[in-house]
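Below is one structure, written out as structure tokens; the observations come after it.
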Ligand SMILES: Cc1cc2nc3c(=O)[nH]c(=O)nc-3n(C[C@H](O)[C@H](O)[C@H](O)COP(=O)(O)OP(=O)(O)OC[C@H]3O[C@@H](n4cnc5c(N)ncnc54)[C@H](O)[C@@H]3O)c2cc1C
Ligand SMILES: Cc1cc2nc3c(=O)[nH]c(=O)nc-3n(C[C@H](O)[C@H](O)[C@H](O)COP(=O)(O)OP(=O)(O)OC[C@H]3O[C@@H](n4cnc5c(N)ncnc54)[C@H](O)[C@@H]3O)c2cc1C
Ligand SMILES: Cc1cc2nc3c(=O)[nH]c(=O)nc-3n(C[C@H](O)[C@H](O)[C@H](O)COP(=O)(O)O)c2cc1C
Ligand SMILES: Cc1cc2nc3c(=O)[nH]c(=O)nc-3n(C[C@H](O)[C@H](O)[C@H](O)COP(=O)(O)O)c2cc1C
Ligand code: FES
Ligand code: FES
């Protein structure tokens with residue numbers, strides 16, 4: 113029960129790299145000297161946040177190596193605006209890696225919507241056989257905005273942009289086909305905004321695929337204590353931060 | 113009653129210049145195109161303050177010309193720490209010049225303690241006959257930390273550092289003598305921390321000098337509305353922000 | 016799309032729902048340099064008493080996380096001076112509502128009579144919720160019988176709309192609201208400040224000379240919103256929401272739970288043009304949300 | 016200078032005054048990776064009921080200015096599972112206090128009996144102040160007669176110290192405090208959360224599925240401090256201060272106004288090592304202030 117090594121540390125900001133003309137940015141922090149599983153996340157709280165915002169913010173580990181901890185984030189509100197304002201040398205309180213990442217998979221289909229690409233960057237980098245991975249990426253912003261090039265070309269990757277309702281419907285159809293085709297051949301992992309996950313979930317359940325979804329519920333503590341981030345599962349309401357964020361599709365009620 | 117021209121503006125930060133190894137710094141903002149009287153102040157609220165700190169912060173106008181509005185400040189808490197973190201291009205909401213500055217004086221003795229030097233920088237710069245001014249400056253930090261060189265050598269200026277209780281008592285004695293000597297010869301202006309003002313006030317009243325004190329009461333609004341900054345005067349409790357910050361010594365009860 | 020900002024508070028018609036909260040906007044004039052007072056929905060002035068009051072000794076204010084405590088103690092120039100020196104300078108175009116404070120029912124009635132006669136006063140706000148004074152104040156507001164009695168007495172001598180301002184420092188605010196409605200209140204406003212305190216560990220003393228103060232500002236918004244919602248569900252008179260409002264979103268939140276108008280308090284200290292900016296931003300935000308008039312918004316929370 | 020951090024809560028001796036607040040520290044184990052649980056003054060676990068409870072449907076939490084609203088609804092694994100699976104893993108060196116929730120007096124008594132028998136439970140905390148449940152909860156805490164009756168019933172079947180946790184959502188908290196003291200409460204803790212609400216103007220819905228929630232965090236500290244001060248002046252049993260505590264200064268403030276110990280709640284979410292850091296920082300701060308032991312500090316506010 114008691115996990116060792118999940119310490120709360122003050123990490124130095126190495127770089128904040130905004131993508132010009134877009135609401136997204138990369139944050140590089142000094143590395144945590146800890147192993148992680150792609151799909152796990154960290155809680156971040158810049159030292160200059162006193163009480164407002166009150167909570168730390170959860171972010172997927174986009175990459176973690178001996179040189180840096182990388183976060184790929186979108187500016188949506190108060191907290192992410194303040195992340196963007198960080199400067200090299202600033203301190204960020206960080207705890208993690210937290211939660212359950214994606215399970216080990218020899219072959220996998222990776223479905224990502226928008227910022228949901230973040231954990232798959234790490235997954236593709238770490239996978240011993242990237243050629244056994246297939247990745248389908250739906251996005252609204254131009255592709256250049258995303259760390260698309262960080263995903264090895266060995267991965268069978270395909271990006272498709274949705275700017276209209278119609279394109280979104282086409283993408284949903286593409287998701288449906290991919291899932292039905294892949295079901296039985298390997299695991300299917302998905303990460304993205306809630307509406308995207310709902311669609312994926314439906315097809316995963318229908319096709320009886322071995323699917324896993326990563327949820328982005330609101331979190332206060334990240335350590336399983338506040339019971340604020342619960343997801344509805346077959347086992348009842350459970351903490352997304354500790355039992356997830358990655359859940360078996362069949363366990364989840366979305 | 114209704115003053116025109118005291119607008120609330122968003123000013124750009126031109127420079128933040130910390131004095132290395134000290135808790136003080138200069139803040140340069142784009143100028144306000146408004147006349148002012150030395151002793152007047154502005155309320156500042158960097159745009160990135162949302163609710164915490166809640167209030168703006170009052171600062172004496174250290175200088176205001178066609179190029180910049182200069183604030184000389186000491187980092188003491190939350191707000192001033194955030195001022196120090198401002199970068200060129202950041203926006204600061206500013207209203208003022210506010211309150212009653214020092215009255216016009218052909219000759220004057222200027223008594224300042226520590227950061228209380230700020231309004232006198234402007235006063236000395238603006239005075240048509242700086243040679244008719246005398247300035248006595250008591251300080252705790254090394255003299256280099258203060259904008260001492262910004263005061264023309266034409267001003268008969270004298271600085272004395274107090275690092276111990278004994279030196280403080282000696283300085284009080286010096287204040288007493290200066291005030292008694294100057295009483296009747298011209299106006300006496302004082303600005304500094306509360307204990308310093310209390311001493312000055314006592315001698316001003318005793319010597320029946322024409323004295324004026326600038327108070328630094330806590331302020332919420334700066335415009336006379338909250339009634340939080342009141343000082344006790346012969347007219348009862350009045351707003352320091354609008355009836356002051358500069359008060360006639362004989363009017364005040366400290 | 017054009018947007019209609021008008022709202023009604025009983026017989027009082029406002030061009031928009033943005034009022035200043037008493038005690039945070041002085042006598043109105045203090046803010047004239049920062050915007051056009053004529054654009055405001057209404058001006059509620061600092062609490063006025065029969066005789067001038069000096070208020071509590073300083074320190075009277077202290078900053079708290081996302082809020083502040085005040086113990087001003089109703090310093091004011093008295094009704095006479097107010098009517099002579101301040102009221103005439105306020106613009107005709109904006110209804111002036113006078114917030115009243117007195118220590119007894121008789122005093123309240125006397126004050127109300129005087130104000131009712133002043134032509135330029137559009138309505139009265141009965142402050143039965145000030146936590147910072149020894150007598151009167153919140154004591155009236157914590158007891159439904161006393162609150163109702165006082166409301167009834169004032170209503171009897173007044174022809175102008177009477178708004179009663181409630182205290183949040185009660186077990187059940189609905190009970191007080193119903194009591195004053197029953198007693199004839201034309202409008203109910205809430206909340207006044209929450210009782211609070213701050214201490215200085217270095218001096219081992221309370222930060223406020225008065226020891227206790229009233230908590231206001233964004234920190235209390237969730238408490239205010241709940242109470243406004245609860246009161247709106249039980250009364251049928253118009254309700255004015257107060258507490259921590261500083262953004263157009265906040266204004267729309269209070270109206271969504273049922274308030275017909277709002278008062279902006281502490282946010283006036285955050286920057287002196289807050290109210291004027293809200294008046295400008297409100298129609299823009301409404302357009303974005305597709306709200307044509309407040310009829311389709313007030314109380315339309317889907318629960 | 017050496018500093019003595021020990022304090023007593025009735026017969027319970029604590030090595031320091033820093034306790035976790037119920038519902039914000041899980042079952043304690045969640046925080047073991049971030050510090051040494053043995054260093055804490057005490058651990059108050061999530062509210063426990065006779066049977067497991069699923070709590071309220073999500074969304075259950077929302078951030079507010081310098082605070083948060085929660086409507087967890089007392090989700091917990093039930094007393095049986097708690098005693099079997101959680102309690103044995105907690106360190107012997109730190110008193111474990113169990114926060115109890117039940118829907119009726121009988122259930123409270125039954126639960127208290129069970130917990131009283133569990134050797135490792137050092138004391139009980141009676142939660143009569145939860146605003147997020149339909150039955151029980153705050154209803155007990157808003158009525159002095161009910162509060163006293165419940166306290167008396169629990170005290171009758173229990174030999175361990177009983178701490179009663181009060182709700183701030185009342186007109187006069189002193190009255191409730193006196194009632195439970197009279198009924199035998201060994202310790203009084205306060206405050207629980209303030210009732211509050213948040214709405215989403217884009218969806219026109221409450222942010223919390225439960226509509227209402229409880230406000231906690233730094234925003235409420237001034238309210239908590241006042242109530243703790245007021246209660247400390249009228250009761251003679253030890254009082255535990257709760258509400259917005261996140262820094263050593265806050266701890267010392269609550270003790271200066273009279274609290275014998277404190278509970279740290281929402282601040283555990285700000286960073287998971289908050290309590291452990293406070294345990295380290297407290298003696299350093301006391302040295303700076305020249306406080307040798309809490310005897311010379313508790314209740315020593317100069318008014
Ligand atoms: C496990 C996990 C991993 C995540 N990984 C990433 C990541 O790698 N990159 C990234 O950019 N973001 C990620 N997120 C989301 C990120 O945490 C939020 O965007 C961030 O907390 C928003 O903070 P803010 O203060 O800027 O926005 P706020 O001011 O708090 O909110 C702004 C708007 O965003 C909405 N919002 C905020 N957080 C969430 C959320 N968790 N779910 C749904 N709506 C939300 C709010 O309702 C509001 O409308 C992750 C979330 C979780 C739970
Ligand atoms: C008219 C006026 C002119 C001023 N001019 C200058 C100036 O030119 N340069 C400058 O450095 N400062 C000046 N001050 C003081 C300055 O406003 C405060 O130092 C500042 O507001 C502190 O903000 P903070 O958030 O950093 O500190 P906080 O976190 O608010 O407080 C930190 C500590 O400082 C104390 N403190 C803060 N403000 C005051 C105050 N006004 N009086 C007494 N104690 C206080 C607090 O009690 C606390 O102990 C002036 C104040 C006034 C009223
Ligand atoms: C400095 C100050 C003075 C106040 N004076 C009064 C007053 O005279 N009469 C009154 O009814 N309310 C008074 N209030 C309460 C406000 O009108 C308002 O009800 C309260 O502050 C909550 O709103 P807010 O959070 O927007 O400030 C005062 C509040 C403050 C902060
Ligand atoms: C998420 C959450 C869950 C809580 N659960 C309980 C509980 O089960 N029992 C209880 O007595 N109080 C509960 N509380 C109240 C806290 O123990 C505490 O009284 C309150 O949050 C105020 O303290 P704070 O401001 O330090 O958080 C809970 C608070 C929060 C934020
Ligand atoms: S975020 Fe607190 S339990 Fe998951
Ligand atoms: S600061 Fe508000 S009246 Fe002076």
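Residue numbers (my numbering), protein chains in the order written: chain A, 113 to 366; chain B, 113 to 366; chain C, 16 to 318; chain D, 16 to 318. From the three backbone atoms N, C-alpha and C, an ideal C-beta is built for every residue, glycine too. None of these values were measured; they are calculated from a predicted model.
Item                                                                                                                                              : Value
Within chain A, the residues that residue 162 of chain B reaches when beta carbons sit closer than 8 Å                                            : 164, 190
DSSP three-state assignment for residue 288 of chain B, whether helix, strand or coil                                                             : helix
Chain-order list of residues whose beta-carbon lies under 7 Å from that of residue 339 of chain B (same chain, five-residue window excluded)      : 351
Contacts around residue 158 of chain D, its chain only, beta-carbon distance under 7 Å, and the 5 residues preceding and following it disregarded : none
Minimum Cβ-Cβ distance from residue 356 of chain A to chain D less than 8 Å                                                                       : no
Residue 276 of chain C and residue 259 of chain C closer than 8 Å at C-beta                                                                       : no
Inter-stretch contact (C-beta, 8 Å, three-pair minimum) for the region 93 to 100 of chain C and the region 24 to 31 of chain C                    : no
Interfacial residues, the region 234 to 250 of chain D to chain C, with Cβ spacing under 7 Å                                                      : 234, 236, 237, 238, 240, 241, 244
Helix, strand or coil at residue 120 of chain D [DSSP, three-state]                                                                               : helix
Beta carbon proximity, residue 106 of chain C to chain B, threshold 8 Å                                                                           : no
Strand pairing of residue 212 of chain D, partner residues [DSSP]                                                                                 : D/227
Opposing strand residues paired with residue 78 of chain D [DSSP bridges]                                                                         : D/83
Which of helix, strand or coil DSSP assigns to residue 40 of chain C                                                                              : coil
Inter-residue CB distance, residue 188 of chain C and residue 246 of chain C (contact presumed, cutoff 8 Å)                                       : 6 Å
7 Å CB neighbourhood of residue 117 of chain D in its chain, flanking five on each side removed                                                   : 64, 65, 123, 126, 151
8 Å Cβ cutoff met for residue 221 of chain A and residue 232 of chain A                                                                           : no
Any non-hydrogen atom of ligand 6 within 7 Å of residue 224 of chain B CB                                                                         : no
Inter-residue spacing [alpha-carbon to alpha-carbon] between residue 287 of chain A and residue 229 of chain A                                    : 15 Å
Same chain only: Cβ atoms within 8 Å of residue 53 of chain D, ignoring 5 sequence neighbours per side                                            : 106, 108, 109
Near ligand 5: residue 340 of chain A beta-carbon under 7 Å from a heavy atom                                                                     : yes
Closer than 8 Å to chain B by CB, residue 70 of chain C                                                                                           : yes
Residues near residue 56 of chain D by beta carbon distance below 7 Å, same chain, minus five either side                                         : 29, 30, 31, 32, 33, 34, 276
Neighbouring residues, chain C, relative to residue 311 of chain D (Cβ below 7 Å)                                                                 : Simply none; closest approach about 11 Å.
Under 7 Å by beta carbon: chain C residues contacting residue 227 of chain D                                                                      : 241
Beta-carbon separation (whole angstroms), residue 254 of chain C vs residue 306 of chain C, contact threshold 8 Å                                 : About 19 Å; that fails the 8 Å criterion.
Residues that residue 49 of chain D contacts on chain A, provided the C-beta gap is smaller than 9 Å                                              : 118, 119, 120, 207, 335
Assigned secondary structure, residue 207 of chain A (DSSP; H/G/I helix, E/B strand, else coil)                                                   : strand
Cβ-heavy atom distance, residue 169 of chain A to ligand 1, below 7 Å                                                                             : yes
At least three beta-carbon pairs within less than 8 Å, the region 345 to 359 of chain A to the region 178 to 192 of chain B                       : no
Paired residues, beta bridge with residue 115 of chain D - DSSP                                                                                   : D/63, D/141
Closer than 8 Å to chain D by CB, residue 258 of chain C                                                                                          : no
Residues near residue 198 of chain C by beta carbon distance below 6 Å, same chain, minus five either side                                        : 163, 166, 167
Any non-hydrogen atom of ligand 4 closer than 7 Å to residue 71 of chain D Cβ                                                                     : no
Residue of A/151, A/123, A/162 minimising C-alpha distance to residue 145 of chain A                                                              : A/123
Rounded distance between the beta-carbons of residue 188 of chain A and residue 125 of chain A, thought under 8 Å                                 : That pair is no contact at about 20 Å.
For residue 235 of chain A and residue 150 of chain A, believed in contact at Cβ under 8 Å, the rounded distance                                  : 4 Å
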